[in-house]
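Undergrad:
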Ligand SMILES: [Zn+2]
Ligand SMILES: [Zn+2]
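Residue numbers (UniProt numbering): 1 to 178.
1) At a cut-off of 6 Å, is residue 66 close to ligand 2 when judged by its beta-carbon and the heavy atoms of the ligand?
2) Hey, how far is the Cα of residue 158 from the Cα of residue 143?
3) So for residue 86, helix, strand or coil by DSSP?
4) In this structure, how does DSSP classify residue 115 when only helix, strand and coil are distinguished?
5) Ignore the nearest five residues each way along the sequence and tell me which others in residue 18's own chain have a CB closer than 7 Å to its CB.
6) Taking 7 Å as the cut-off, decide whether the C-beta atoms of residue 98 and residue 71 are in contact.
7) Helix, strand or coil for residue 126, going by three-state DSSP, please let me know.
8) Quick one: any contact between the region 73-93 and the region 52-63, if contact means 3 or more CB pairs under 8 Å?
9) Is residue 6 near ligand 4 - that is, is its Cβ less than 6 Å away from at least one heavy atom of it?
10) Measuring straight from C-alpha to C-alpha, what distance separates residue 78 and residue 92?
11) Can the beta-carbon of residue 3 be found less than 7 Å from the beta-carbon of residue 12?
12) Helix, strand or coil for residue 52, going by three-state DSSP, please let me know.
13) Helix, strand or coil, according to DSSP, for residue 102 in the structure here?
14) Apart from the five residues on each side of it in sequence, which residues of its chain come closer than 8 Å, Cβ to Cβ, to residue 94?
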């Protein structure tokens with residue numbers, strides 16, 4: 001038996017694979033997966049109703065640690081203008097690599113098979129998600145257009161008012177000019 005680094009417990013053990021079956025590993029695994037599942041559930045909640053916000057560099061640059069792939073991924077996706085919350089996470093969980101790594105992780109860690117598929121997003125689900133996202137983005141652009149129109153109307157109204165004020169002022173102050 002050689003040294004074996006356990007990414008769940010974040011330690012090197014010398015009991016080889018036996019470590020996986022031990023109580024401490026299994027309870028740590030349960031905690032890790034529960035926390036992981038909470039985040040995945042939060043993300044899944046937006047599958048049917050995507051959350052789109054104006055990009056905020058402080059709020060939206062969150063990363064997410066995928067235990068199955070042992071890598072850090074972006075939680076959201078953004079084009080620098082708009083952000084789709086959980087877009088990065090959902091996209092990651094639908095990749096073939098993630099699916100493969102999840103199966104491997106479950107096998108290697110002897111995790112509970114019942115919950116495994118909760119950590120995988122089906123391709124059809126992300127397809128639907130993308131369609132919903134574009135709908136939301138469209139309505140966002142429409143709202144923005146309305147806002148710009150309103151702002152323009154406001155500016156025009158102000159300009160008209162200013163002209164009127166100037167006009168009446170010049171009538172009072174410079175009557176000979178008229
Ligand atoms: Zn362990
Ligand atoms: Zn992954």
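Think of the CB as a built atom: it goes at the ideal place given N, C-alpha and C, for glycine as much as any other residue.
Computed from a predicted model, the values in this text were never measured in an experiment.
TA: Here's the rundown:
1) yes
2) 22 Å
3) coil
4) helix
5) none
6) no
7) helix
8) yes
9) Looking for ligand 4 in the displayed structure turns up nothing; the ligands present are ligand 1 and ligand 2.
10) 15 Å
11) yes
12) strand
13) helix
14) 120, 121, 122, 123, 125 and 126
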